[in-house]
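Using my numbering, you'd call the opening residue of the sequence shown number 333 and step up by one each time.
Structure record follows, encoded as structure tokens.
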Amino acid sequence: MADILSQDEVDLLLNAVSKGEVESPAHEPRGLPDRQDIMHYDFRRPERVSKEQLKGLQSLFEAFARELSIMLPPFLRQIVRADLVSIDQLTYDEFILSVARPTSLSIVNMAPLEGNAVIELSPSIVFPVVDRILGGKGVALPKPRELTEIENRIVHRVMLMILDSLRRSWEQLIEFKLTVVHQESDPLIVQIVAGSEMVILVAYEIHIGESVGAMNMCIPLLVLNPVLDQISQQTRFMRKMPQDVMDRTRSQIERVVKKASLSVDAILGRATLPLSEIAKLQVGDIVQLDTDMRTPLHIEVGGIPKYRAVCGRRGEQSAVQVVELMTEE
Numbered sequence: 333m334a335d336i337l338s339q340d341e342v343d344l345l346l347n348a349v350s351k352g353e354v355e356s357p358a359h360e361p362r363g364l365p366d367r368q369d370i371m372h373y374d375f376r377r378p379e380r381v382s383k384e385q386l387k388g389l390q391s392l393f394e395a396f397a398r399e400l401s402i403m404l405p406p407f408l409r410q411i412v413r414a415d416l417v418s419i420d421q422l423t424y425d426e427f428i429l430s431v432a433r434p435t436s437l438s439i440v441n442m443a444p445l446e447g448n449a450v451i452e453l454s455p456s457i458v459f460p461v462v463d464r465i466l467g468g469k470g471v472a473l474p475k476p477r478e479l480t481e482i483e484n485r486i487v488h489r490v491m492l493m494i495l496d497s498l499r500r501s502w503e504q505l506i507e508f509k510l511t512v513v514h515q516e517s518d519p520l521i522v523q524i525v526a527g528s529e530m531v532i533l534v535a536y537e538i539h540i541g542e543s544v545g546a547m548n549m550c551i552p553l554l555v556l557n558p559v560l561d562q563i564s565q566q567t568r569f570m571r572k573m574p575q576d577v578m579d580r581t582r583s584q585i586e587r588v589v590k591k592a593s594l595s596v597d598a599i600l601g602r603a604t605l606p607l608s609e610i611a612k613l614q615v616g617d618i619v620q621l622d623t624d625m626r627t628p629l630h631i632e633v634g635g636i637p638k639y640r641a642v643c644g645r646r647g648e649q650s651a652v653q654v655v656e657l658m659t660e661e
């Protein structure tokens, strides 16, 4: 009991502290980390994909873009280029609210992974694709509208080719069995996960001839979680595409492009008439063109002037003979 202070000793200590004769201990909270170690965490937007995993996803989705650029040209008979624009993490609600209406949405089953993804093709690319497949030049509509049943079937065929490209680009990681479950035009009625669930949004810019549009892939993290660790591990060994793979890919692209068919048109000439005169045109009327009989014709390849030629005949068919290569002005 000798360690217990008497009341007089307590009074003396308190008096000494008040006079500054004894230093009082600093009152610092124990067990709390330095303020610099505290990180803000938004429970509404949890970042569940690491930087390493994002790098892996970027490599896979860049490979997907290359596959698209190889697979689609023979089918559409036009040069196609797919560019990866961004990979973002957001909630499913945020994705749905960002999608314009109407649009083309395909719900895709990601077997053997559990769950579905959504692939959106914007109207600015869907209608040129449909027009091209139906024999047109790939013209976009001035105002978007919902797809007809026939147009939806055409888009379904295109989507199967897109899924085949996706399967090829991921085949070293997982053997996908991708299928289109449903097609829809209104994003508000497409519900593949709860609105608060985090998703990966992959944005592409697609160039088809003169048309440019967007393709967006929305994949829930719940679906990707089983392979995220594999993706990050694979990235450590695939920082850069080996030179032999690059050469093989380039050769494959060249072979596909050389087989693509392009329209070749001999332009006799053009004329501009008022609509009132066009409405009065009858059989036997003569329309004066803007070219001279002695002037070589223009040969257009895929709608682009490339050659000058003279008109003639080969056998029983009309023909042209190329006399000059047109240079770009």
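We treat Cβ as the ideally placed atom computed from N, Cα and C, and that holds for glycine.
So, helix, strand or coil for residue i, using DSSP?
{"i": "glycine 644", "result": "strand"}
{"i": "phenylalanine 569", "result": "Residue placement at phenylalanine 569 is poorly supported in this model, since its pLDDT is 48, which falls under 50; the coordinates still yield a value, given next. The answer is helix: DSSP assigns phenylalanine 569 an H, G or I state."}
{"i": "glutamine 620", "result": "coil"}
{"i": "aspartate 415", "result": "strand"}
{"i": "lysine 612", "result": "helix"}
{"i": "aspartate 343", "result": "helix"}
{"i": "aspartate 597", "result": "strand"}
{"i": "alanine 397", "result": "helix"}
{"i": "valine 461", "result": "helix"}
{"i": "valine 440", "result": "strand"}
{"i": "valine 381", "result": "coil"}
{"i": "leucine 510", "result": "coil"}
{"i": "glycine 447", "result": "coil"}
{"i": "isoleucine 538", "result": "strand"}
{"i": "valine 544", "result": "strand"}
{"i": "glutamine 523", "result": "coil"}
{"i": "proline 606", "result": "coil"}
{"i": "valine 589", "result": "helix"}
{"i": "glycine 470", "result": "coil"}
Excluding sequence positions up to five away, which residues of its chain have a Cβ less than 7 Å from the Cβ of residue i?
{"i": "arginine 413", "result": "Ser401 and His539"}
{"i": "histidine 630", "result": "Ile599, Pro637 and Arg640"}
{"i": "proline 476", "result": "Pro434 and Pro455"}
{"i": "glutamine 562", "result": "Leu505"}
Which residue's Cα is closest to the Cα of residue i: the options?
{"i": "phenylalanine 508", "options": "Gln515, Asn441 and Val450", "result": "Asn441"}
{"i": "glutamine 620", "options": "Leu607, Ala641, Ala603 and His630", "result": "Ala603"}
{"i": "serine 564", "options": "Ile494, Leu345 and Lys387", "result": "Lys387"}
{"i": "valine 381", "options": "Val555, Gln421, Asp579 and Ala348", "result": "Gln421"}
{"i": "histidine 488", "options": "Val513, Val431 and Leu556", "result": "Val513"}
{"i": "valine 633", "options": "Pro444, Gly541, Asp579 and Asn548", "result": "Gly541"}
{"i": "threonine 627", "options": "Val654, Ile451 and Gly635", "result": "Val654"}
{"i": "glutamate 399", "options": "Arg580, Leu473, Glu609 and Glu341", "result": "Arg580"}
{"i": "arginine 587", "options": "Ala443, Pro405 and Thr659", "result": "Pro405"}
Among residues of its own chain, excluding the 5 on either side of residue i, which ones have a beta-carbon nearer than 6 Å to its beta-carbon?
{"i": "threonine 511", "result": "Asn441"}
{"i": "tyrosine 703", "result": "Nothing about residue 703 can be reported from this structure: the residues present for the chain run from 333 to 661 only."}
{"i": "glutamate 516", "result": "Leu437 and Val522"}
{"i": "arginine 646", "result": "none"}
{"i": "glycine 468", "result": "none"}
{"i": "leucine 594", "result": "Val633 and Gly634"}
{"i": "glutamate 656", "result": "Arg640"}
Under the criterion of a Cβ to heavy atom distance below 6 Å, does residue i qualify as lining the ligand NAD?
{"i": "glutamine 649", "result": "Inclusion of the ligand NAD in the displayed structure is not the case, the ligand content being empty and no account of it being possible."}
Strictly by DSSP, which residues pair up with residue i?
{"i": "glutamine 649", "result": "Arg646"}
{"i": "tyrosine 639", "result": "Ile631 and Leu657"}
{"i": "methionine 530", "result": "Thr423"}
{"i": "proline 552", "result": "Val531"}
{"i": "glutamine 410", "result": "The partner list for glutamine 410 (beta bridge, DSSP) is empty, contrary to what the question assumes."}
{"i": "glutamine 562", "result": "Per DSSP, none; premise fails for glutamine 562."}
{"i": "glutamate 483", "result": "None; glutamate 483 has no bridge partner."}
{"i": "glutamate 516", "result": "Leu437"}
{"i": "glutamate 452", "result": "Leu437 and Asn548"}
Using C-beta distances below 8 Å, list every residue in its chain close to residue i, excluding the 5 sequence neighbours before and after it, in chain order.
{"i": "glutamine 390", "result": "Leu416 and Ile419"}
{"i": "valine 652", "result": "Ala598, Leu629, Ile631, Ala641, Val642, Cys643 and Gly644"}
{"i": "valine 431", "result": "Leu437, Glu452, Pro519 and Asn548"}
### Task
Decide yes or no for the touch test of the segment 495 to 509 against the segment 381 to 399: beta carbon pairs closer than 8 Å, at least 3 of them.
As far as the Cβ criterion goes, the segment 495 to 509 touches the segment 381 to 399, which means the pair count is three or higher.
### Query
Using 8 Å as the threshold, is the segment 462 to 470 in touch with the segment 523 to 530, meaning 3 or more CB pairs across them?
These segments do not touch.
### Query
Three or more beta-carbon pairs under 8 Å between the segment 586 to 599 and the segment 634 to 641, yes or no?
yes
### Task
For the segment 476 to 487 and the segment 543 to 559, state whether three or more C-beta atom pairs, one from each stretch, are separated by less than 8 Å.
Result no; under three Cβ-Cβ pairs closer than 8 Å.
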